[in-house]
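Working notes for the structure below.
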Amino acid sequence: MWTTFLVALKANLRNRQALFWMIVFPIVLATMFNGFFGGLSEGYELRPIPMAVVEDSRWQQADGARTFVDALSGETASSSESLDGTAYADINQQLLTITAADTVRKAEQLLADGTVRGYLAADGNGRLAITISRETVTAANDTTGSVGLDISLSALRSAIDLYNRTDAVTRQTIADNPQAALSRNFWNSIGQSVDVTHETTLTHFQPNAIARYYYALLAMSCMIAMGYSISTVSTAQANLSALGIRRTVAPLSHARQLIAGFLACWLCASVALLIALAYIRFICDISFGGREPVTVVAVIIAAFMTSSAGTLLGAVPKLSYDTKYGLSSGIACTLSLFTGLYGGFAMQISDWIARNAPILGTINPAQQVTNLFYDILYYDSYQPFITTCAILLAMSAVFLLAGIAMLRRQRYEHL
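Numbering-wise, the sequence shown is residues 1 to 415 according to full-length UniProt numbering.
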């Protein structure tokens, strides 16, 4: 049995077609994903925007606006001050790099020569006005333009609008009720009212924006690994090859030959998937939230499932090896459509199935392999991961029992 295991292992390692699809193909596709989408997450990062500030007489009188803009540029403590020194809100992200201008004309000149993207000025009431160049607007609307510019502009505009609204409400309240200016509770309530949003994370780790594509790629690679088991089972069938005839009359029992071949296929599939996993993790920098050891367990279970599925497909009688191998590739490609591998449209299909027809996702082995990595990354508890593992092991049992049943019923009139 040990000799049969080694022979099957060497045969798998010499199978250039399987090695290409199991090792080279996922690495090439992951490299393409990294090249096409590698900068996608950077589009959601805030970056300081170069802006001019018109430091005229109105600006000198607008103490609150000056303090607020200094906080946005990181020149002062990360808070904007109210009229009496009470903090409006914490500002932990630098949104501006400032260039001083004495007049509006000087600011427009800086805008024209491209030194800044816009300028800020204070009006007679101490509120802020922002002016953006047309080139900046065009670049923000262009998806291939400056990365993250639209997000940064939106954040800056929201911050300035929030300051202006808070300043207007504060001044109107004091005008209607002058005694409010003497109340510490009034100023504290202003600081609390503007801090209306908080950043929070629903998962224990913030994933990469394109991680789903890599998970779907791992699932497809897993399903392609059926080819190993198909090859092993086919070479043990007397009606498909001369080797199958010799194995049929060999002194080693048919069951022990299949067990040795199955273990060799399981090992090869596990190693190939681990190579793809390591490339995605360390070269493409797709993190698994510090749970890399668990991903190894996920890969081993996924490899067991695909080896079982390959055993079932390989046991189908009256089909040639090439036909079975072609069917395995077609099944892998078809099931991967519903994991979202083929782009945004496929992702929408996958999400629709998850919301409206979850049973279809449950019986899709490729989706369950993808769910293994979702469970690792998106849940604090390991319970969802254990549930998905149980589903895959149940699938494996069904595949193996069906394959064994077909192999036991096969008889040959002559060898």
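Glycine residues also receive a C-beta, built at the ideal position from the N, C-alpha and C atoms.
Terminal residues of the beta strand (DSSP E) in which residue 51 lies: DSSP places residue 51 inside the beta strand (DSSP E), whose first and last residues are 49-54.
Selection from 217, 357, 318 that minimises the alpha carbon distance to residue 26: For the residues 217, 357, 318, the minimum Cα distance to residue 26 belongs to 217.
Endpoints, the beta strand (DSSP E) within which residue 416 is located: In the structure displayed, the chain extends from 1 to 415; residue 416 sits before or after that span and is not available.
Opposing strand residues paired with residue 128 [DSSP bridges]: Partner residues in the beta bridge of residue 128, as assigned by DSSP, are 122.
One or two residues paired with residue 100 in a DSSP bridge: Partner residues in the beta bridge of residue 100, as assigned by DSSP, are 53.
CA-to-CA distance, residue 58 to residue 162, given in whole angstroms: The straight-line gap from Cα to Cα measures roughly 20 Å.
Residue 324, enclosing alpha helix (DSSP H) - first and last residue: Element bounds for residue 324: 321-337.
Collapsed DSSP secondary structure at residue 389 in the structure displayed: Assignment of residue 389 by DSSP, reduced to helix, strand and coil, places it in the helix class.
Whole-angstrom distance between residue 151 and residue 303, CA atom to CA atom: Rounded to the nearest angstrom, the two C-alpha atoms are 42 Å apart.
Simplified DSSP assignment, three categories, for residue 279: Secondary structure of residue 279 (DSSP, three-state): helix.
DSSP three-state assignment for residue 317, whether helix, strand or coil: Look at residue 317 here: in three-state DSSP terms it is coil, with no helix or strand label.
Local conformation of residue 399 per DSSP, three classes: If DSSP states are grouped into helix, strand and coil, residue 399 belongs with the helices.
Local conformation of residue 81 per DSSP, three classes: Its pLDDT being 44, under 50, residue 81 is placed unreliably in this model, and the value from its coordinates should be taken loosely. If DSSP states are grouped into helix, strand and coil, residue 81 belongs with the strands.
Burial state of residue 454, where buried means 16 or more other Cβ atoms lie within 10 Å: The structure shown does not extend to residue 454, since the chain is modelled only from 1 to 415, so the question has no answer here.
Among 110, 261, 175, 117, nearest to residue 12 - alpha-carbon criterion: In terms of CA proximity to residue 12, 261 leads the group 110, 261, 175, 117.
Option in 291, 351, 222, 54 with minimal Cα separation from residue 375: Checked all of 291, 351, 222, 54; the closest Cα to residue 375 is 291.
Same chain only: Cβ atoms within 6 Å of residue 369, ignoring 5 sequence neighbours per side: Within the same chain, residue 369 has close Cβ partners 219, 222, 302.
Distance, residue 70 Cα to residue 96 Cα: The straight-line gap from Cα to Cα measures roughly 9 Å.
Beta-carbon proximity of residue 230 to residue 324, cut-off 8 Å: Annotated as proximal: residue 230 and residue 324, with beta-carbon spacing under 8 Å.
Residue range of the alpha helix (DSSP H) that includes residue 341: Taken as a continuous stretch (DSSP letters only), residue 341 belongs to no alpha helix (DSSP H), as it is neither H nor E.
CA-to-CA distance, residue 367 to residue 166, given in whole angstroms: Approximately 49 Å, taken between the alpha carbons.
Residue span of the alpha helix (DSSP H) that contains residue 222, given as start and end: Residue 222 -> alpha helix (DSSP H) spans 211-224.
Pair within 8 Å by beta-carbon distance, residue 54 and residue 99: Residue 99 sits away from residue 54, with the two beta carbons spaced by 8 Å or more.
Rounded C-alpha distance that separates residue 62 from residue 141: Each residue's alpha carbon lies about 32 Å from the other.
Beta-carbon gap between residue 127 and residue 51 smaller than 8 Å: Result no, Cβ atoms of residue 127 and residue 51 do not sit closer than 8 Å.
Sufficient close CB pairs (3 or more, under 8 Å) joining the stretch 275-282 to the stretch 348-360: Under the three-pair Cβ rule at 8 Å, the stretch 275-282 does not count as touching the stretch 348-360.
Member of 382, 398, 361 whose CA lies at the smallest distance from the CA of residue 295: Out of 382, 398, 361, 382 has the C-alpha closest to the C-alpha of residue 295.
Which of helix, strand or coil DSSP assigns to residue 133: The answer is coil: DSSP assigns residue 133 none of H, G, I, E or B.
Same chain only: Cβ atoms within 6 Å of residue 407, ignoring 5 sequence neighbours per side: Result list for residue 407: 315, in chain order.
Boundaries (first-last residue) of the alpha helix (DSSP H) holding residue 64: It spans 63-72 - the alpha helix (DSSP H) in which residue 64 sits, taken as one unbroken run.
Element boundaries [alpha helix (DSSP H), containing residue 26]: Boundaries of the alpha helix (DSSP H) harbouring residue 26: 25-37, taken from the DSSP string.
Through-space distance from residue 226 to residue 16, alpha-carbon basis: Roughly 15 Å separates the two Cα atoms.
Identity of the residue in 258, 213, 233, 263 nearest residue 286 by Cα: Residue 286 has its Cα closest to that of 213, out of 258, 213, 233, 263.
Inter-residue Cα distance where the pair is residue 436 and residue 385: Nothing can be reported for residue 436, as the shown portion of the chain is limited to 1 through 415.
Helix, strand or coil at residue 115 according to DSSP, with G and I counted as helix: Coil at residue 115, not helix or strand.
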